[in-house]
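Asker: One structure follows; several queries about it will come next.
Residue numbers (UniProt numbering): 1 to 285.
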């Protein structure tokens, strides 16, 4: 089972005087990269929030936000009445005007409004923690669903590579026979006698040099291990990335040893499928 690093989660808490929305967005990243946005009243809880996110989300570029929408008569901003009255009195000395118009001007001046610093209500904070957990759960469900799509794609591409490997195995005897024939033809073109025993020794040397038996076996094992790892509980992008590197090493070796155009064409196709797997692995948690 694999999880994608791409995801979205949201949870809404409705209180008597306000609506609090928790929102999480996740993108791929080599490590955990947290970015938090929240009203100043909750800033003292930021370290607690970061710890919760780090303990549950493991990896990815995470954008975490808390939004507040006031739904009732509950505000921390109050009119500074003495200051506003003083502004109005001063304005009357400068201009003649309606008091309502003077009031509109006065409230725009500095210190006309006071913002009272709110304290976090502990019961409210407990409710917010619960909503954060719900938001994380929604994000993880999204990641899981995205992971299922990636898993299907990986399985399809592994099957393609496995089928191409079977074709490589099937044509290998013809490739070796081709090596033998080219060597014989080269000897015959010399129009000279040659030591047959020496020729057989050289033939064995070249056949061993071009032999890809070990690479075929190892690649088949890596393909099987990749599928097993996807289905395991501890599956993760880094582990699958290491396996894909080993697969690439064997495919490259087969290509360099093959010295046979039809086989090299199959190797190119395997490389293409493997590159697509590696690209998608960047999104796996």
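Backbone N, C-alpha and C define an ideal beta-carbon position, used for all residues, glycine too.
1) Determine the direct distance from the alpha carbon of residue 140 to that of residue 150, and round the result to whole angstroms.
2) Could you work out which residue in 15, 36 and 31 is closest to residue 25 when comparing CA atoms only?
3) Could you check whether the segment 2-22 touches the segment 130-145, counting it as contact only if at least three pairs of C-beta atoms, one from each stretch, sit closer than 8 Å?
4) Can you tell me whether residue 207 is buried or exposed, with buried defined as 16 or more other CB within 10 angstroms of its CB?
5) On a Cα-Cα basis, can you pick out the residue from 134, 205, 219 and 148 that is closest to residue 271?
6) Flag residue 147 as yes when its Cβ comes closer than 7 Å to any non-hydrogen atom of the ligand HEM, and as no otherwise.
7) Assuming residue 38 contacts residue 66 (C-beta within less than 8 Å), just tell me the rounded distance between them.
8) If I follow the unbroken alpha helix (DSSP H) through residue 238, where does it start and stop?
9) Reducing DSSP to helix, strand and coil, say where residue 232 ends up.
10) Please tell me whether residue 254 and residue 159 are closer than 8 Å, where the distance is taken between their beta carbons.
11) My output table needs one value for residue 108: the three-state DSSP class, helix, strand or coil.
12) What span of residues does the alpha helix (DSSP H) with residue 28 cover, start to end?
13) Which of the three DSSP states is assigned to residue 317 in this structure?
14) Name the DSSP bridge partner or partners of residue 19?
15) When you compare the segment 210-224 with the segment 239-255, are there three or more beta-carbon pairs, one atom per stretch, that lie closer than 8 Å?
16) Taking a contact to mean a Cβ-Cβ separation below 8 Å, would you say residue 155 touches residue 227 in this structure?
17) If we count the other Cβ atoms within 10 Å of its Cβ and call it buried at 16 or more, is residue 53 buried or exposed?
18) Measure the CB-CB distance between residue 223 and residue 161 and report whether it falls below 8 Å.
19) Check for me: the alpha helix (DSSP H) holding residue 50 runs from which residue to which?
20) Of all the options 232, 170, 91 and 133, which has the alpha carbon lying nearest to the alpha carbon of residue 12?
21) Expressed to the nearest angstrom, what Euclidean distance is found between the alpha-carbon atoms of residue 29 and residue 257?
22) Between which two residues does the beta strand (DSSP E) holding residue 272 run?
23) Given a cut-off of 8 Å on the beta-carbon distance, is the pair residue 102 and residue 88 in contact?
Answerer: Result, derived from the coordinates:
1) 15 Å
2) 36
3) yes
4) exposed
5) 219
6) As for the ligand HEM, it is missing from this structure, which has no ligand bound.
7) 4 Å
8) 237-258
9) coil
10) no
11) coil
12) Element bounds for residue 28: n/a, residue is neither H nor E.
13) Any answer about residue 317 is impossible in this case: the structure gives the chain only from 1 up to 285.
14) 14 and 69
15) yes
16) yes
17) buried
18) yes
19) 46-57
20) 133
21) 36 Å
22) Counting along the chain, residue 272 falls outside any beta strand (DSSP E), though it belongs to the alpha helix (DSSP H) covering 261-281.
23) yes
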